[in-house]
Structure formats: structure tokens, C-alpha cells
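Novice: The following block contains the structure, expressed as C-alpha cells.
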Amino acid sequence: MDRRTFLKIIGTGVAGATTGSLLMPVQSLAGESTKTKEFYGILVDTTRCIGCRRCEQACAEVNGLPVPDISEAANKQVFASPRRTTVTEYTVTNRYETEKGTIFVPQRCMHCNQPGCVASCPVKALEKKRAGHVIWHSNCIGCRLCMVSCPFDMPKFEYGRAVSNIQKCNLCWDRYKQGVLPACVEVCPTQALMAGTRRLVLEEGNRRIAANPGQYVDHIFGEYEVGGASHLYLSAVPFDQIGFRKDLGTIPYPEYSAGYLRAVPFIATLTPLFLLAVNAALKKGIEKSEPKTEEKHSGTGKH
Amino acid sequence: MAGEKLETVAVVEQPDKPAEIQIGRDFWPFFRKESKPKGNPATAFNLLSGVVVAFSILAIVYRLFAGLGSPVTNLSQLSPLGLWIGFYIMCGVAFAAGGAVVPFIVNVLGVKKYRPFLRVAVLNNLLTSFFCLVVIVLSFGRWWNIPNVFIGNGFGANSVMFIVLWVFLLTIVTAALQFRPAFAEWIGNTTSRKRAATVALGATVFGITLSVLQQTGVGALLTMAKGKIHPLWYSEMLPVLFFVSSIYAGISLLIMVDAISEKVFSYQIDEEYRNSRFDVMMGFAKICGGVMFGFFALSLIVAQFEGDFAFVNSEMGYWWLLEIIGFVAIPGLMFAHGAQKKNMLTIQTAAVIAMVGILMNRYNSVFLAYNWDLPFAERYFPSALEWIVTLAVVFVQIWAFRWIVNRMPVMRKSPQWAEKFDRD
Amino acid sequence: MRKKILLLVISVIYLILIAIGLTLVFSAGTPGPAAQLTAADADGKISIAHTELFGKLQRPHVIFDHKLHEKALENEGCAACHPVNDMNKIIFTFPKRIDGQGYKAAMNAFHDACIGCHKKMKAGPLTCNNCHKKELADVKISYPAAEFDAADHNTHVRVMRDRFGRGDCGQCHHTYDTKEQKLVRKAGTEDPCAYCHDLNKKRGPELAAVTSVAAGKGLSTRKVSHQQCLGCHLELRDEYQKMSNKDTAHNLHKDKVRCGACHLPNTKSVVSCTSCHIPTDCSKCHTGEYRTADDLRNVPRPYRGQKDVAYITIENARMHGVAFNHRAHQSYAKSCSSCHHERLKACKDCHSLTGKPEGNNVSIAKAYHSAFSPYSCSGCHNQMKAQKECAGCHYNIADVDVETMNPKKETCARCHSGRRDAEGMPQAFAVPGVVGNISINVLEKEYDSAVFPHADILRALTRISNESRLATYFHRDVQTLCAGCHHYSAGAAEAQRGLPPNCRNCHMIDYDEKNLNDVRLLSAYHNQCLGCHDRMGIAKGGGATDKEGDRCAACHQRKAGGPADITSLKNATVVKQNTARNLNAWRPYSKSVLENE
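Protein chains in written order, with our numbering: chain A, 1 to 303; chain H, 1 to 424; chain G, 1 to 597.
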């Protein structure tokens, strides 16, 4: 093989890789397009939440978790500092002191439209249901990459058990199948939580913002964050004051690893071709100069 | 442990004629004969490592029954990866990259002087990949489900972890194929040796491809941790950065293995190895120097591109500067200097610093710069048992390496009868 | 051997670096100790840093003791350090001049001025570290901005009148004639200083011509107020000091001031006249305390010929004119510039029906009705409505602005009366006879009934409304107050009886089968009661709200023998079956799809 053929092979390979990546569909590998499907969602109006923690209690009862003490005495301690969800608390209500006074915020899995956790799971143990629920299956291998990949740190791993599961809110999937509202929505005494199709609750959220100028920040958290989520939050103060991250961006998290995943077929097919081409191209030259190089070897070998 | 003979063997006998042991029939009697220790097993290193391994076995048994939590690991909800994954999947894979670089030089580029290092590199790759799987079993919470990845109980083909795990499995198979000549020469099976030679190039090419996928894949595992890893370490270019840094990581390890082998396995090392050794080290140093300079430049370009220099003047920024200058630029210069002045000690020192730099870089991504803005009390630091188990796995790997080197022709010359198969 | 030592040294260096690095890494999340901040009581000390001249400082800043230097240079006077302008007025800058441009020139000027004088006087530090003290590097001195409010203005007007005769405002006030290019002192053109000298604000075309001149001369508010106020005060101080003696002081202050105000307790010292009169100490003006509009309620406002009642009418406007009671409103504003945001002119001078460039193209309708602008009528009224006393009801009532859809006619007519004279204050209304306590039994299974003091609440709201002139003017009748809670207009039947609607008339106990988004009775009560209590800062019984207190028990006690808890879903009052049946209607997928999941 002469130099020209060699360059040709390389050139074809590079061109193939470039055009190939352009032709690949730009849709996320894990994501399900939001346009054609109606996800189920919950609108959380933080201006209405009174911090009674009934949602936490109902959630624990429905999911068979230890039921928390929600008496006033207990609340005093619980609200002292913001909490995170745990393996036994799928939802937590936190208290924030803001420029507009005390605000309570219930926090749980956001059920992203294109969840990072689902995209990162090697065995599809986390599944995005067609209705929007992100639920966990027991074929999980416990690699915990979902915890790394979740922008909200929601999947929680049971460290202290031999058979350890990933625990998180499942948007009351079982109750949904029976046609019942999520437990937290059903018990909320102020209707701070509202369930329905994502489109419907988004509409209601926008209506509240429009109907009450100055009382909400003109933004629904979860509408566009990380490509959208099923939990949508309304707030009277900027969201970074009530424990939300502002740096999330609107790109769905699976997109961040999609670049690599798209490259995998090309690496897998083009690398061997490239290596074989190089080998074939060099072989002749090596054979010709073989005696020479050997001579040189023996020369330097005397060190 | 350098300078101490791990196992002392007076003479390495070189059978002139193949023993023609078939795998099925008479392998086990042969294996039983061979597995007896050669030399005195009661060395200081063996005792120390034995204690560590025994202790860690207890820890592992405890972990299987009581889970991953305290006291075995310090893992928490906010730092789920930890030391085991950080050391083996992140660093181990990088150090195994020599198993792709040397076959690339020898079998693809056809530079024969590196040939004596081929089997060492391949063996290292094989063992590291195998022990990576072992550590994966240890550190994954539901390890009994790991076969699900391979048998199709939910193919998560869109997952980076899926690709990484598959590549681990395939790497073991491929590295075993690449190592088959040594194995065949050990049992003295001509048919097997002949067949091994026929697939050599194919296995090499496949192995290199897998290694590229592996190095980039390990970086891609962290691409979705955007916002959790400090911006100086997080980048969407992580796969590329991990790939480039793995090249010098793998070679640095080979330089260290060479330095130690020269003392420990000197009775094994044949004339050809000894003769080409110096040249090869200089060649390695040139590659390392070049790649490290490239990595240094790439890191700076990525940092500039993503606007990360704004973070340099902070606690984490100083740590980053230490890593990028003290553990990439300086050893890179030392490699270049050593290669120019033909100074072995400089190169070996540089290799050690470069390896520490790789450890730092990977640990930073996994836990030091991961959720770095948490208050001190919530930060992760590996527990004592995590360190011990990590050390134990390294010791076991050294045992395995030593056992194989002492029996199969890895560093020593292939037997006479096998040489004719290598005319490719 | 040398090699081994070298290796050892290298590894030790690396280990130390790693150790330091790790400490940094693990401390990254924990904030370090806060930088030391000292408040205004710096006792005349000034931090000389001038980052605008020097950028990043090579040495620590200098903490300059101004008082010490005043005392030392008592005979030489201020002109010893500060330059004097052509009108023989002292300009309070330092050093006297800087020759040339840039860092070096500025540094040399400072050093020459300070060290030159120190050498001449044979006093004061000469070496670097005695001024640039390392231990003071973290000390931060900042003086809060001084505010010259209506009360101060009034004092000055009174004093100046005694001194210079009636109506000589030109002692302080001036404007700049851009054509003649000089200062003009003309009665009737007096404007607040900040209009021209606040260089940070973007102004309209007319004012910008003046401010650009001020900016060109570097006449910032900070500079001119020191020059003008302090210059005058210093001149008068000496005069005052000479004039006063013990007897006149006693005569003047008798019956007006406590003895202890001047004769400090436990010491023999007596405060000087200038500590109250004609202050020259930094902390006397830079107090950091600002009077609010409430504090200034009864202080006479500056008079520049404004009418008591201005009839506002715009040619070709659709609405009736508004008789604007300027006199009543100015006592509720802190300063003229609270409304007159650019010049002391009428709104329509800059804003027209379609908007003019000098009014930033804001139309007159928007200028009066913008809901969020602090200068518009609506905006200011909205701010008032956001106060604690009003927010309980007004939080849920949409703000009125020019874009409000279908506003009530009577709402507009409150202002747009078309009458030329200001309408008098309407009569305050008395509390009508209404239902007293109402007990709410919705949750009677689990909780004792909640007693709702209907009459008390109405009484409290009436009191609040009657105490405020704004509320009295706009809430004409008690029905307006009712609508705060009874927010929907009455149905036909109730209207006949003249009663407002009941909560239960609209809010259902269960989820409404037809519209699941309707507010349920439970949340209607909780949102209305708790929301109002929170916004008005009222705990039950009238105390302060305590979000940590037992909020449930404040209204209803948990029943002892009743079901365990409302949230226990087995006992939930919500009828699940109904909900379940009808959820199908709004679920994203039909049942068959679900079964395939």
C-alpha cells in the first residue's frame, strides 16, 4: 500500500465519522419527546404551603415508611435547618426565611421529562413511565450512577442493608393506576399541591402568575429546567432563596453523556479500521527496513 | 518492596520441547504441580500483604451481610462513588492503558524493540480488568444483579455504565486472547500456541478499540454530574481528557513495573529484554513527555473554553493548579529532560509523580471535587476499611502477577520451539 | 547519595503541597471567618485606599485619623491640606494637586503631601509601615450616606431666613445655564441637589445636558455636599463659637432642653455648641439613621409656589380630570423627588398622551397608573396597599392600573371626579351589626369546632380602615371591607337579602367532580384565614405571628377521643371513591393503556 492509498483510507474514515454524527438523530437517547405525550404532573404553589407536613405523613403511610411525628413540637426541630429526602422520607418540607417572610417548600423527586437517572441506568431499573412517573425496579445492580446523574440528588441508596434498594418518590404510581390522586395531593389542606396532566397544571400555574401580578416570580420552576419536569413550582421569591439550584440550565441531563454515546459506534467501527490501515501501510516499510533496524538494536543494546 | 526478592528461584528451566499438555486431560495434574510455591513464601511482603488481605476478607464478608454503610465505607447520599470505584474503575483502568499502548506500538506500528514489554503490559491489562470486576462486585449495592447487564434483564444501552461494564467483560476476554501465547508456552501446547499467533493482530486491534472505549467511557460516567463536580474538573470533554491522561498513566505504570522488575524479577529477565530495556524506557519517556505536554495544553484550553479560570483564585483553584502544574507539567518536563539526558532516575521519579497525579485527578473527579461546596461535616473521606480493602485488592493483584510471571514466559524469553510461530 | 537526598526533598515538598491542598479542599465548602467590619463610629478616621486611582493596592490601606490632624493644624486651618478654589472656597479633596496621570503620579502626590508635611512639622510617621499598617488591613471604614430630608431643610430655611432675610434660597440652590455656561441663582428654579449632581443616574435629555457638565467637572453629590455644606458650616462655626457664652446659652436653652443634654452625666465636661449647632463632625451628618415619611408627617415641606389642590386635566383625554390634593399628598411623601423624579415640574410637562422623548416616551396615562413605578399614583398606592395592615385583603385583590380589564366605574370615579376642588374626606363609617362568632365544624370528627370571631374581625378591619386617610377615602362603605373575604359578588338570592355570599356557597367539601381544580372548602378556609393572618402579622388574639407555634391549636383543638388523624388515609374525610371514578376523565391515558404499562 502506498502513501496515497493510506491517506485515502484515513480520509474516508474521518469524513465518515463527521457526516455520521451529523446524520444521527439529535434527540436524546434516553429522553422521550414531550411533544407527543402528556405527562402527569404536580403543581406546587409554595405561597400556599403552610408547612403542616401532612404530605410527609401521608406519603409515609402510603409507601409503608416510618410515619413521621408532625406535631407542632416536632416541627420546631424539623424546620430548624433544611433537610434532604432520605431513604425513608420521599418528600420533605423545608422552611426558608426569605425577603417575603417564611416560605415552606415541599421537595421530592422532580420526575424530569428526560431523567438523568434513567439515562444512566445500565439495566433500565429506573424507568420513565409513559405517564411521566419515574419508578424503580428491583433488577437494579446498585451502581449508584443514577445518584451521580440526578441534578436534584433525589435517588437515595440504602447503605446499611445487605439487600439495598434505591428509594425515591414514585409519584404514587400504584395509586395512579387505581385512578387515585397522589397521597400528598389528596391530603394537602391548602391545595398547595395540584395534580393533573402536566399541560393542565402548567396552564394553571401560568394563570396564577398572570392573575396575581407581583405576587409570584414570573417563572415556573420545572417548566424548562433540565428539559422540564413533572413537579412544577411556583414561588413568590427567586427560586435560589428557597433551596433550588439556579445553574441547572434547560438542557436535559442525558444530553451531557449523549455526545459520548453517539461516538461509541464510530469509535467501535473506525478504530479497528484505522489500526488495520496503519498496520497495512507500515508493513511494507517495516519489512524493507527490517535488517537495518535490527542492526541498530544490537548497537544500542550494549548500554 | 523494591529490592526484595518476592520469590526466589535459582534457575529458570527452559524446556526445549513442548510438554503438549491438553487443557481437558492432563491440565489439572500439571496445574497442581505448578501451583506449589516456588521458593520461601514467608517473606516480609507476603506476611504484611497476607494480614491486610485477611483483614479485608473479614470486611468484605461483613459488607456482604450488612451492606455498604458504616463502618465499612463512608459513602453517603451525596458522595455515592467513593474510593473503591474511584481507585479501581477510574485509576485502575487508566493504569491498564499500557495494555493497549504497547500492543499498538508493537503489533500495529511494528516497532519490534518494544516486544519484550508486550506481555507485561497485556498481563497487567488482563489482571486489572479482572480485579476491576471484583471491585465492582464489592462496591455495587446489588451485586447479584450484575449479570443482568450481560444477560439482558433490561439492556440499558443508553447508559455509559452499560458500555463500561460490557467493555470490562470484553477486555478480559480479549486480553486473555492476547495473553494466550504465554499460557500456551507455559503448558507447552503447540496447537494452542499456533492458534494464538493467528489471532494476534485481530485481538490487538480489538483490544485497543476496547481500551479507547473504556478510557473515554470512564470519563463519560461523570458527564452527567454537571454542577456537582467543581467546574475546574468537570467538563463535557471529560472523556477526551481521561483518554489522553490514561496514555501516560499506563506508560508510567510500565516504567515503574520495569524498575521494580529489574530488581525483583532480575533472574527472569532475558538478554533481549535487558538489552532493549534502556532504549524502551527512553522511548516511553518521550511518549509520556509529549502526551503530558498535550494533556497540559488540552486542560488549559478546556479550562479557558469553559471559562474556568475565574475559579483559579480559590481553595479549589490552588488544588487544581497543584495538580495541573505539579503533577502534569513538572513530570512532563522531567520526562523530556530525562529522555534527553538519558537519565533513568529522572524518568522513574517522573513516572511516580505522574502516577500520583493520575490518582489525584481521578479522586478529584470522584470525591475531592465532588460536591465540594458542602460543609466539612458532610464531606466524604474514605474510611479506614475502604483503604484497607483497596490495598488488599492491589496486593492480591501483585500476588497474581508474580505467580504468573514466575511460571509463564512473560518477561523471560519464549521457549525455542515457540519462536517460529511469531513470524507475522 | 546526592540523588537520594534530592528524591527525598522532592517527595517531602510534594507531600507538603498535597497536605496543604487537601486542607484547602476540605475547607472549601465551609465559609471562612467574616472580614472585620467597623461601623460608623470610626471617630473621624478615614480609610485611604482610592482603588479608582490605584487599582489593587500593593500595601495595606492607610487609616487616616482626621481629628488628630485637625487638632495639630488648628492654626493653619483646612487650607493646609485641602485646595482652595477661585472663589476662596475650600474643596475637600486631597492632595492639593496631582501632577500628571497614572498610578505613579497619584502615589507621589499623596506621599509628597503627607511625608512633606510630616518632615516640615517634624511630627508624624515617615516610614512605609507606620502609615500602611498591616494589622489594620482588614479594618473597613465606611460612612453611611448623609440624608438632607425635609426636617433638615426646614431647619435651614428657618435659620437662613433669620440670617439673610426672607426667601433667599440662592444661598444654596442654583442651576446651571447651559447657554451662558455659568451658575444661575434665580428664585423659582430651586431643585434638589441630586437632580444634577447624582452622577450615577441616567437622566432625560434636558437634565442630562446639565449633569454631563457636572460630571465633566467631577462634581459628584459627595464632593459638592462636602464643599457646600461643610464649607458653610466651618465658616459659621467660628462665628458661632465667638458669639456664644455661658449666659446666653443658659438663657436660650432654659425650659427647652434637659440639663443632662449638655452637661454630660458623671463628668464635668460640657458639650460644645457645635455638637448640636452647625455640626462639623463626620458622624453628625453621617448618622446612618434616616427619618421615614411617617416621622416627617408634620414637618412643613419646601415651598416653591405649588398649589394646594391641582386640577389635573389633559387635553383630548378620555377621562374626567382629577382634583389632586397636593398638600395632602406631600406630607405622605418623604421628599419632592419621591414623585417628581427628574425636575420639579408637573407630570404633563414631560409626559403627553402619546409620550414625549423628554419623558422617556412614557405616556401620561402610564405615568399616573403604572402599577410598579414608585413615582406613579397607582404604583405608590400599591406600595401602601402592600403594607401589613392592608395586605390581608389587598393581597388577593388585583392591582388597578390603566390596563385593568373592566374596572369598576366607581373605582375610577374615586379620582376622576371631574370636580375642580378636592373632595373632602368622607365620613368614617361605624361597624354595622353583623353575625358575631361563627363556629366552623368542617373537621368536627377530628377537631373541635373553630370559632371565627366574625364581628371582631370586621371591627378590627373597620378600625384599620378608619385610621388611614387613604383607606377612608377609597373604602366608602362597609361592603367594600366585606369583599376582602367575601370575594365574589353576591348571588341573586343573597343580593336581595343584602347579604354577602357564604364560603360554602361556592367551595365544596369534596373535590368537585366536574372541576378538580376548584378550591376545596378545607383549603379555602386555610388559605384565607392563615394567609391573611400571615400577611397581617396577626396570631390569634392579636399578637405577633409565630410560625413555629402550635398553629393548628390556635384555631381548633385536636379531639381527644376522635379518630387518630385526619391525614390517616383510612379516616380521610375526602371520599376517595368519587374521586377515583372521575379521575379517568383527566388522566393522560385511558385504562387500557395503563394496563399495558
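Every residue gets a Cβ at the ideal spot worked out from N, C-alpha and C, and that includes glycine.
1. Hey, how far is the Cα of serine 365/H from the Cα of leucine 221/H?
2. If you measure between the beta carbons of methionine 256/H and methionine 355/H, is that distance less than 9 Å?
3. Can you list, in chain order, the residues of its chain with a C-beta nearer than 6 Å to that of arginine 291/G? Leave out the 5 residues immediately preceding and following it.
4. Could you check which residue in Pro252/A, Ala211/A, Leu171/A, Glu255/A has the C-alpha nearest to that of glycine 132/A?
5. Does the segment 338-356 of chain H come into contact with the segment 245-264 of chain H, if we say contact requires no fewer than three beta-carbon pairs (one atom in each stretch) closer than 8 Å?
6. Per DSSP, what kind of secondary structure is histidine 137/A in: helix, strand or coil?
7. Using the rule of at least 16 other Cβ atoms within 10 Å of the residue's Cβ for burial, across every protein chain shown, is threonine 198/H buried or exposed?
8. Looking only at its own chain, which residues have a Cβ that is under 8 Å from the Cβ of tryptophan 173/A, when we skip the five neighbours before and after it?
9. Kindly list, in the order they appear in chain G, the residues whose Cβ is closer than 7 Å to that of glutamine 107/A.
10. Tell me which residues of the segment 78-98 of chain H have at least one Cβ-Cβ distance to chain A shorter than 7 Å, keeping chain order.
11. What are the residues in the segment 164-195 of chain H lying within 9 Å of chain G by C-beta distance?
12. Just reading off the alpha helix (DSSP H) that proline 181/H is part of, what are its end residues?
13. In chain H, what lies closer than 8 Å to threonine 147/A by C-beta?
14. From the DSSP output, read off the bridge partner residues of aspartate 456/G.
15. Quick check on the DSSP output: the beta strand (DSSP E) that includes asparagine 94/A runs from which residue to which?
16. Could you tell me if glycine 289/H is buried or exposed, where buried requires 16 or more neighbouring beta carbons within 10 angstroms of its beta carbon?
17. Please determine, among Glu262/H, Ser211/H, Leu321/H, Ile269/H, the residue with the shortest C-alpha to C-alpha distance to isoleucine 267/A.
18. Against chain A, with Cβ distances strictly below 9 Å, would valine 574/G count as a contact?
19. Below 7 Å on C-beta distance, what does tryptophan 319/H contact in chain G?
20. Which bits of chain A does asparagine 441/G rub up against, with CB to CB less than 8 Å?
21. May I have the straight-line CA-CA distance separating tryptophan 387/H from serine 56/H, to the nearest angstrom?
22. In whole angstroms, what is the alpha-carbon distance linking arginine 262/A and threonine 209/H?
23. Are the beta-carbon atoms belonging to valine 92/A and cysteine 49/A less than 9 Å from one another?
24. Who pairs with proline 106/A in a beta bridge, going by DSSP?
25. Does DSSP classify threonine 197/A as helix, strand or coil?
26. Straight-line CA distance for leucine 296/G to threonine 155/G?
27. Only counting the same chain, and skipping five residues up and downstream in sequence, which positions put a Cβ closer than 7 Å to that of glutamate 20/H?
28. Going by the DSSP bridge assignment, what does alanine 323/G pair with across the sheet?
29. What residues in the segment 32-47 of chain H bring their beta carbon closer than 7 Å to a beta carbon of chain G?
30. Should alanine 229/A be flagged as near chain G, meaning a C-beta pair shorter than 9 Å?
31. What are the partner residues of isoleucine 166/A, as DSSP defines its beta bridges?
32. Residues of chain G with a CB under 7 Å from the CB of arginine 48/A: which are they?
33. Any idea what DSSP makes of asparagine 406/G, helix, strand or coil?
34. By a C-beta neighbour count over all protein chains shown, 10 Å radius and 16 as the cutoff for buried, is serine 33/A buried or exposed?
35. List, from N- to C-terminal side, the alpha helix (DSSP H) runs of 4 residues or more that fit wholly inside the segment 205-284 of chain H.
36. Excluding five sequence neighbours on each side, which residues of the same chain lie with their C-beta closer than 8 Å to the C-beta of methionine 425/G?
Specialist: The short version:
1. Taking the straight line joining both Cα atoms gives about 11 Å.
2. It is a contact, given that the beta carbons lie within the stated cut-off.
3. If we look at arginine 291/G and ignore the five residues flanking it on each side, its Cβ neighbours are Asp149.
4. Measuring C-alpha to C-alpha distances from glycine 132/A to each of Pro252/A, Ala211/A, Leu171/A, Glu255/A identifies Leu171/A as the nearest.
5. Yes, the segment 338-356 of chain H touches the segment 245-264 of chain H.
6. In the structure shown, histidine 137/A falls within a coil segment according to DSSP collapsed to helix, strand and coil.
7. Threonine 198/H should be labelled exposed.
8. The answer, listed in chain order, is Lys129, His133, Ile135.
9. At a C-beta separation below 7 Å, glutamine 107/A has no neighbours in chain G, since its nearest C-beta there lies roughly 18 Å away.
10. The residues in question are Leu78, Pro80, Leu81.
11. The segment 164-195 of chain H vs chain G, Cβ under 9 Å: nothing.
12. That run of the alpha helix (DSSP H) goes 160-187.
13. The residue asked about is misnamed: residue 147/A is methionine in this sequence, not threonine. Here the neighbours are Gln77, Pro80.
14. Bridge partners of aspartate 456/G: none, in fact.
15. Where asparagine 94/A is concerned, the enclosing beta strand (DSSP E) stretches over 92-98.
16. Glycine 289/H comes out buried.
17. Its Cα nearest to that of isoleucine 267/A, the residue Ser211/H stands out among Glu262/H, Ser211/H, Leu321/H, Ile269/H.
18. Unreliable placement is indicated for valine 574/G, whose pLDDT of 41 sits below 50; the coordinate value is still reported in the next sentence. Chain A, which has a Cβ nearer than 9 Å to the Cβ of valine 574/G, makes this yes.
19. Within chain G, the residues near tryptophan 319/H are Gly21, Leu24, Val25.
20. The contacting residues do not exist; asparagine 441/G stays about 16 Å from chain A at best.
21. Roughly 10 Å between the two C-alpha positions.
22. Cα to Cα, the separation comes out at about 16 Å.
23. It is not a contact, given that the beta carbons lie outside the stated cut-off.
24. Beta-bridge pairing by DSSP links proline 106/A to Thr93/A.
25. Strand.
26. Leucine 296/G and threonine 155/G have their C-alpha atoms some 13 Å from each other.
27. The residues are Gly188, Asn189, Thr190.
28. Bridge pairing for alanine 323/G: Tyr311/G [DSSP].
29. Within the segment 32-47 of chain H, no residue qualifies.
30. For alanine 229/A, the answer is no, since every Cβ of chain G falls outside 9 Å of its Cβ.
31. Looking at the DSSP output, isoleucine 166/A sits in a beta bridge with Phe157/A.
32. In chain order: Asn527.
33. Judged by DSSP in its simplified three-state form, asparagine 406/G adopts coil rather than helix or strand.
34. With a pLDDT of 41 at serine 33/A, under the threshold of 50, the modelled position of this residue cannot be trusted, and the question is left open.
35. As far as the segment 205-284 of chain H is concerned, its whole alpha helix (DSSP H) runs of at least 4 residues are 238-264.
36. For methionine 425/G, where only same-chain residues beyond five positions count, the Cβ hits under 8 Å are Arg469, Thr472, Tyr473.
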